[in-house]
Every structure is written in C-alpha cells, then in structure tokens.
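Heads up, the sequence shown is in this note's numbering, so the first residue is -12 and it goes up one at a time. We put the beta carbon where it would ideally sit given N, CA and C, even for glycine. Data first, discussion second: the structure below is written as structure tokens.
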Amino acid sequence: MIRTLPKLITAHIDAWGTTFIIGAVCLWMHDDASAAGWLLVIAVTVGYWLGFAVNDYHDAPFDALDPRKGARNFFAHVTLSPARARLIVALILLALALPFLNFGWRGLAVYGLALLILWAYSAPPLRLKSVPGFDVVTHALFVQTFPYVIPLVLLDFAWLPFDYVIIPAFLLASTASQLEQQVRDYEVDRRTERNFTTLVGRGTSALLVKIVTTILTLHLIINIVSGIIPAQFVPFALISLPIALHRLVRGAHQPRSEWLFRVTVVTALGYAAILLIRT
C-alpha cells in the first residue's frame, strides 16, 4: 500500500489542484495574505482531496468492473478494511477541523456542512451521486463553487462585482464537468447505478455539456471585456480554453481527454505559483 500511496495523492490532481486555485483567487481578489486565510484554503484543498478519495473508496466495486476506470481508482487495487478506512478519515478530518475553529460557530457550521456533503454524495445510504438530478445539483453547488464561498464567508470579505460574476461561472463549470464525467462513464454507469445521464441518455447530456460550456465561455468573455474579471486572472481562462474547445467540437461518444485535463491543471497551478511569488 505504501508504494502505491503516491497514486492516491496524485489521482485527482485536476480536482484538488482546481480547489486550491479557486481558494487562492478568492484571497488574491480580496487582498488577503493572512495566515488564517491561507491555512483555510490549504485545509479546504486537503478536504477536497479526501472527499475524492472517499468517493473512490465507495466507487471501487463498480470501477473494478471496467479496466479504464479501475486503473484510475486506487482502491480498486488496494484493499482497505472499513474500520481502518474510517480511522484514517477520522484522523484527517480532526486535523482539518483546526483551521475552521478560528472562526467560531460559523466555522464549525461550514465545516459540518462540508462533512455532510462529503458523506452524503458518495456513501450509502444517500449516495447523492446516484440520485438523478441531485448528482448534478450537488456537484454544481459544492465541487467548484463551495471552495470559493468558504473563504468569502468565513473571512468576512465585502462582496465585489467579481464575486457575483465568478460564482455563476463556477456553477456552470462544475455542472459541465459533472455531465462530462457522466458521459465519459456512461457504459459502466448504466450497468451499475443510476445518475442524470443514465436517465436522460448520453446524447442529451453531451448536448447539455456543449450548451453549458458555450454559456460559460460567453459569460467569461463578456466580463473580461468589461473589466470585472481582472487581467491577472485572464490567463486562467486562456489556460482552460482548450478544454472548452474540445468539449464543443468532439462527438457525443468521444471521451474527454484526461491528458488535456491534467496538463491544464498543472499549467494553471504553475501560473498560480507565479502569482503567489509576486504577492
């Protein structure tokens, strides 16, 4: 298990890497360089890594049925008893709670909501990711949007025009991402469990991905031109542009490029590092 642990850490770099960038953008936009702010963003990033690991743990029996999905799932190859898994998760969650304690009851309330979603989305009996409609809505609200809202609320930032623009952008981006993943995994999912795409069909979801991506792209262009999105954040949009174009041109049965996603996130993290050094 120890030798394969790096795979568990890097398996969802596109997810937790994006989470870190989202939180960092919130701090940069509101000129916050406090230790409490950065500790909060790091805790949220680790929490999202844990959330995706928990998701993989519960998905392992299904992913093992498909060589492609199984190859990406650490727990499809490594057996971890429920008792040991619960202990490891509990210890990590205990450590992650500490930065939230700085914000009193509000911090605990936000942390409690995060724990509820972490459990309810992936684990039985709720497993919202297998409830058509709730799967897409939960993903839209909590995967890319929530990491921005957490520091915005807990650090008492005054809302800026940028916040009113970027939150809808994250809602759209997260919706497109969820539908895209469901289109990618359609053949396995329709044999193992239900979700929005197995209900409405792969073609419908693929069309929705194109529609949502088009709306998102226009939304970002309009607000970049208007100046609401600062120039320092425009490179993030440009780095993500190949993903948007690939979504628009590929067919319904053509899977997304996992290589393109990883390169995009690593490039975005590199640009985030440059901004971090300059601040």
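(message) My output table needs one value for Ile(-11): the three-state DSSP class, helix, strand or coil.
(response) Any reading at Ile(-11) is ruled out, since the residue's pLDDT is 49, under 50, leaving its predicted position unreliable.
(request) Enumerate in chain order the residues of its own chain whose CB-to-CB distance from Ala160 is below 7 Å, with the five nearest sequence positions on each side excluded. (result) Excluding sequence neighbours, Ala160 sits near Gln131, Leu203.
(message) Considering just the uninterrupted stretch of the alpha helix (DSSP H) at Trp15, what are its terminal residues?
(response) Counting along the chain, the alpha helix (DSSP H) containing Trp15 begins and ends at 0 to 16.
(message) Using 8 Å for Cβ pairs, my map puts Phe61 next to Leu(-5). What's the rounded Cβ distance?
(response) That belief holds up - the Cβ atoms of Phe61 and Leu(-5) are roughly 4 Å apart, short of 8 Å.
(request) Can you grab the Cα-Cα spacing for the pair Met16 / Val253, in whole Å? (result) Taking the straight line from one Cα to the other gives about 21 Å.
(message) According to DSSP, is Val65 part of a helix, a strand, or is it coil?
(response) Correct three-state label for Val65: coil.
(request) Alpha carbon to alpha carbon, how far is Ile226 from Ile261? Give it in angstroms, no decimals. (result) Going by C-alpha positions, Ile261 is about 14 Å away from Ile226.
(request) Note down the Cα distance separating Leu144 from Tyr151, rounded to an integer number of angstroms. (result) For the sequence presented, residue 144 should be read as Phe rather than Leu. About 13 Å.
(message) Which same chain residues end up closer than 7 Å to Asp1 when comparing Cβ atoms and leaving out the 5 residues on each side of it in sequence?
(response) The answer, listed in chain order, is Phe248, Arg249, Val252.
(request) Go ahead and label Ala22 buried or exposed: buried means 16 or more other beta carbons lie within 10 angstroms of its beta carbon, across all protein chains shown. (result) With fewer than 16 other Cβ atoms within 10 Å, it is exposed.
(message) According to DSSP, is Ile216 part of a helix, a strand, or is it coil?
(response) It is coil, neither helix nor strand.
(request) Helix, strand or coil for Val253, going by three-state DSSP, please let me know. (result) In this structure, Val253 counts as helix in the three-state DSSP scheme.
(request) Report the three-state DSSP secondary structure of His51 (helix, strand or coil). (result) Reading the sequence as shown, one finds Ala at residue 51 and not His. Looking at Ala51 - three-state DSSP - the assignment turns out to be coil, as it is neither helix nor strand.
(request) Inspect the beta-carbon positions of Leu27 and Ile153 and report whether they are closer than 8 Å. (result) The beta carbons of Leu27 and Ile153 sit no closer together than 8 Å.
(request) Would you tell me roughly how many angstroms separate the C-alpha atoms of Ile(-11) and Leu207, rounded to the nearest one? (result) Confidence in Ile(-11) is poor, its pLDDT being 49 and thus under 50, which makes the residue's placement unreliable; the coordinate value appears in the next sentence. Rounded to the nearest angstrom, the two C-alpha atoms are 43 Å apart.
(request) Label Arg265 either buried or exposed according to how many other C-beta atoms from any shown protein chain fall within 10 Å of its C-beta, with 16 as the threshold for buried. (result) Counting the other Cβ atoms within 10 Å of the Cβ of Arg265 gives fewer than 16, which makes it exposed.
(message) One question on the structure: do Thr191 and Tyr173 come within less than 8 Å of each other, judged by their Cβ atoms?
(response) No, Cβ-Cβ distance for Thr191 and Tyr173 is not below 8 Å.
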